[in-house]
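These notes concern the structure reproduced below.
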Amino acid sequence: MSEFLRDYLLVVLFLVLAGALVFGMLGLGSLLRPTRSQPQKYITYESGVDPVGLGWSQSNIRYYVFALLFVMFDVEAVFIFPWATRLEAYGTFGLVEMAIFIFILALGLVYAWRKGVLRWI
Amino acid sequence: MTAASVMSSLLAVEVPYWASSIIKLGVVALVVPTAALILGYVFLMKMMSFMQSRLGPMEAGPYGTLQLLADGLKFIQKEDIFPEKADRTVFALAPLVVLISTFLIFVVIPTGPDAVVAQLDVGIFYALAVSSLSVVGILMAGWASANKYALMGGLRAAGQLIAYELPLVLAVMGVVIQAGTLDLQKIVAAQANGEIFGWGGIGNPFILTQFVGFFIFLVAVQAETTQPPFDMPVAESEIVGGYQVEYTGFRFLFFFMGEFGTAFAFGALASVLFLGGWALPWGDITHWGFNIAGPVIMLVKIMAVSALIFWFRFTYPRLREDQLQRLAWKFLIPLSLVNIVVTGVFKVVL
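Sequence order for the protein chains is C and H. Position 8, counted from 1, in the first sequence is what our numbering calls 8; the numbers after and before it change by one each time, with no gaps. Each position in the second sequence, counted from 1, maps to that position plus 1000 in our numbering.
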């Protein structure tokens, strides 16, 4: 196997390690912990009173708008990374190109700002 | 034979791939919980207590050093409770996802010329990518609990983590432009061998040229690990722990371990990116001695960065949700975009 694949095999092994640690500790705990089930213990917590309605309630739409904005800027960041590693070779040409790219994306942020989606209330 | 020659001949031995993998897995499996314990004891318990004119834990072990171990022993004996309304599978898997994200960051953190788990070419990009996996785990926990507080906390956490993910990624870009690589080992070498306007006396730790990036990185790390003043998602006094509210025993402890393990990993990333990592600017950085001195140098730097982060944590009051989003979108992101352009101009012109 090539060195490259071996490095990524280690990443997979670490994923397995985290799983082994979680299930190992919980398995060890199952030997030590008590299990005395009472119906009251499994009621959803709501400040000590009986819960009202469902836990899956409505929530603020703002989170959705911020998630959309995030997708836009995160994709931008992915494009800047390869440029950043090769800037020395590209020189002034690369710098101007990226300045235009960042300017267009900053326009998107300014638009969102002007539209008022960055305000919470 | 001198100690030096013994050591260098030991390092020259070809260890088979499976053996080195087992050693690496064992070391990291020990490092992650130990890191969480060290940060929890030194900063969360002792530093906070001293800043508030009290002693903190004093009973378990000398000066209460074993307090967190005692807490762990207590947690493992706690009953494992699944709320009846909860989505059981997702509820059980959420802490696992958070912990996986923490473990995967440690894969690329270098602590010496050979003391690294895997030297990936995409180094820092990979670290940032896996660190944002924890958002998924937190959303899973918040949603699966079927609890109003948990849902609110989970959504707040997701909104905060994605908002501060951007300044975090963009702040790193300045370092990548200066070093011209994503590989963390090469970033360390670039700092040790660098020079400031032709003077190489202390190398070129990027904190000197990227101080704006360092500032943005620290603020973003604070928010990414949901520490006060950015602790709206877990705000104990209003939503009683947010997404963690229905978790008991060791499942709860995994979230704690994930939070502090990630804080440690980000401290390590900050020291690699901005403070020169495991290397010292004097002497040959490929020398075998750095495999032993490197982890110690790293630990000192990580503790210094963590002290700064926790100092903020204990000093400032909690930000409101709108203040928090405003800081990220209207201040940190524009600032880091300007930082990228200015760094690029300096790189090309100088």
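Every residue, glycine too, gets a C-beta built ideally from N, C-alpha and C.
H/I1202 in three-state terms, based on DSSP
Here residue 1202 of chain H refers to the residue found at position 202 when the second sequence is read from its first residue. Residue state, collapsed to three classes: coil.
| When we look at the beta-carbon of H/K1074 and count the other beta-carbons within 10 Å, is it buried (16 or more) or exposed? | For the purposes of this step, residue 1074 of chain H is identified with residue 74 of the second sequence, where counting begins at 1. The residue in question, H/K1074, is exposed, as its Cβ has fewer than 16 Cβ neighbours within 10 Å.
Please report the straight-line C-alpha distance between H/Q1191 and H/A1029, rounded to a whole angstrom.
Against the second sequence, residue 1191 of chain H aligns to sequence position 191. Against the second sequence, residue 1029 of chain H aligns to sequence position 29. Straight-line Cα distance between these residues: approximately 29 Å.
What are the residues in the segment 58-74 of chain C lying within 8 Å of chain H by C-beta distance? S59, N60, R62, Y63, F66, A67, L69, F70, F73 and D74
* To do: Give a yes or no on contact between the segment 1219-1233 of chain H and the segment 1312-1326 of chain H, applying the rule of three or more CB pairs nearer than 8 Å.
  => yes
Item checked: Amino acids of chain H, ordered along the chain, whose beta-carbon sits closer than 9 Å to that of C/R33 -> Numbered from 1 along the first sequence, position 33 holds the residue referred to as residue 33 of chain C. I1076, Q1077, K1078, E1079, D1080, G1249 and F1250, listed in chain order.
Quick check on C/E124 - is its C-beta less than 7 Å from some C-beta in chain H? No answer is possible for residue 124 of chain C: it lies beyond the span of chain C, which begins at 1 and ends at 121.
Margin query: On the DSSP bridge list, what partners appear for H/I1196?
Written below: Translated into the one-based positions of the second sequence, residue 1196 of chain H becomes position 196. Answer by DSSP bridge pairing, in chain order: H/W1199.
Practice task
Select from the segment 1167-1193 of chain H all residues with a C-beta closer than 7 Å to any C-beta belonging to chain C, and list them in chain order.
Solution key: V1169, L1170, M1173, V1176, I1177, G1180, T1181 and L1182
Next on the checklist: Below 7 Å on C-beta distance, what does H/P1113 contact in chain C?
Outcome noted: Against the second sequence, residue 1113 of chain H aligns to sequence position 113. Going along chain C, no residue has its Cβ under 7 Å from H/P1113, so there is no contact; the nearest lies around 16 Å.
- Report yes if the CB atom of C/K41 is closer than 7 Å to the CB atom of H/I1081, and no otherwise. Counting from one through the first sequence, the residue named residue 41 of chain C turns up at place 41. Counting from one through the second sequence, the residue named residue 1081 of chain H turns up at place 81. Contact flag set, yes.
Margin query: As a quick exercise: from H/F1214, H/V1219, H/F1255 and H/A1179, pick the residue whose alpha carbon is nearest that of H/G1203.
Written below: If you number the second sequence from 1, residue 1203 of chain H lands on position 203. For H/G1203, the nearest C-alpha among the options comes from H/A1179.
* Asked: Around the C-beta of H/E1259, are 16 or more other C-beta atoms found within 10 angstroms, so that it is buried, or is it exposed?
  -> In the second sequence, counting from the first residue as 1, residue 1259 of chain H sits at position 259. Its Cβ being crowded by 16 or more others within 10 Å, H/E1259 is buried.
**Prompt:** Curious, which full-length alpha helix (DSSP H) runs of at least 4 residues does the segment 1107-1190 of chain H contain?
**Reply:** 1123-1131, 1134-1144 and 1148-1179
Under the three-state DSSP convention, the category H/M1001 falls into:
The residue given as residue 1001 of chain H occupies position 1 in the second sequence. Confidence in H/M1001 is poor, its pLDDT being 46 and thus under 50, which makes the residue's placement unreliable; the coordinate value appears in the next sentence. Of the three classes helix, strand and coil, the one that applies to H/M1001 here is coil, per DSSP.
With a threshold of 7 Å between beta-carbons, can C/F14 be considered close to chain H, or not? By one-based count along the first sequence, residue 14 of chain C stands at place 14. Answer yes: the Cβ-Cβ gap between C/F14 and chain H drops below 7 Å somewhere.
- Count the other CB atoms, across all protein chains shown, that sit within 10 Å of the CB of H/Y1017; report buried if there are 16 or more and exposed otherwise. Counting from one through the second sequence, the residue named residue 1017 of chain H turns up at place 17. By the neighbour-count rule (16 or more Cβ atoms within 10 Å), H/Y1017 is not buried but exposed.
When you compare the CB of C/V22 with every CB in chain H, is at least one pair closer than 7 Å?
Here residue 22 of chain C refers to the residue found at position 22 of the first sequence. C/V22 counts as touching chain H.
Alpha helix (DSSP H) runs wholly inside the segment 6-39 of chain C, at least 4 long, in chain order:
none
**Asked** In whole angstroms, what separates the C-alpha of H/M1001 from that of H/T1286?
**Response** As a working mapping, residue 1001 of chain H is identified with position 1 in the second sequence. As a working mapping, residue 1286 of chain H is identified with position 286 in the second sequence. Unreliable positioning characterises H/M1001 in this predicted model, as indicated by a pLDDT of 46, which lies under 50. The coordinate reading is nonetheless provided below. Each residue's Cα considered, the two are about 22 Å apart.
For this session: Would you list, in chain order, the members of the segment 1145-1160 of chain H that have their beta-carbon closer than 9 Å to a beta-carbon of chain C?
Result: S1145, A1146, N1147, K1148, Y1149, A1150, L1151, M1152, L1155, R1156, A1158 and G1159
Hey, which unbroken runs of the alpha helix (DSSP H) at 4 residues or more fall wholly within the segment 1221-1280 of chain H? 1236-1239 and 1249-1274
Notebook entry, point to check: Can you name the residues of chain H whose CB is closer than 8 Å to the CB of C/G91?
Noted result: Along the first sequence, read from residue 1 onward, the residue named residue 91 of chain C stands at position 91. Chain H residues near C/G91: V1348.
Under three-state DSSP, which class holds H/T1286? Walking along the second sequence from the start, residue 1286 of chain H turns up at place 286. Three-state result, H/T1286: coil.
CA-CA distance, H/T1102 and C/A18?
Taking the second sequence and counting its residues from 1, one reaches residue 1102 of chain H at position 102. Taking the first sequence and counting its residues from 1, one reaches residue 18 of chain C at position 18. C-alpha separation (whole angstroms): 9 Å.
Under 7 Å, Cβ to Cβ, is there at least one residue of chain H near C/L111?
Taking the first residue of the first sequence as position 1, residue 111 of chain C is located at position 111. As written in the sequence, residue 111 of chain C is Tyr, which differs from the Leu given in the question. Not closer than 7 Å to any Cβ of chain H, the Cβ of C/Y111 fails to qualify, so no.
> Quick check: the segment 1292-1312 of chain H against the segment 1331-1348 of chain H, are there 3 or more CB pairs under 8 Å?
Replying inline: no
Rounded C-alpha distance that separates C/P34 from C/L21 = Sequence index remark: in the first sequence, residue 34 of chain C carries index 34 (1-based). Sequence index remark: in the first sequence, residue 21 of chain C carries index 21 (1-based). Cα to Cα, C/P34 sits roughly 21 Å from C/L21.
Quiz item: Is C/I104 helix, strand or coil when you go by DSSP?
Solution: Translated into the one-based positions of the first sequence, residue 104 of chain C becomes position 104. Helix.
In terms of alpha-carbon separation, which member of H/S1131, H/V1136 and H/P1281 lies closest to H/W1199?
Indexing the second sequence from 1 puts residue 1199 of chain H at position 199. Residue H/P1281 is the option with its Cα nearest to H/W1199.
Q) Excluding five sequence neighbours on each side, which residues of the same chain lie with their C-beta closer than 6 Å to the C-beta of C/T85? A) Taking the first sequence and counting its residues from 1, the one referred to as residue 85 of chain C is at position 85. Taken in chain order, the list of residues that qualify is empty.
Find the nearest neighbour of H/V1000 within the set H/G1064, H/A1141, H/L1068 and H/D1121, judged by alpha-carbon distance.
Examination of residue 1000 of chain H is not possible in this model, given that chain H is present from 1001 through 1350 alone.
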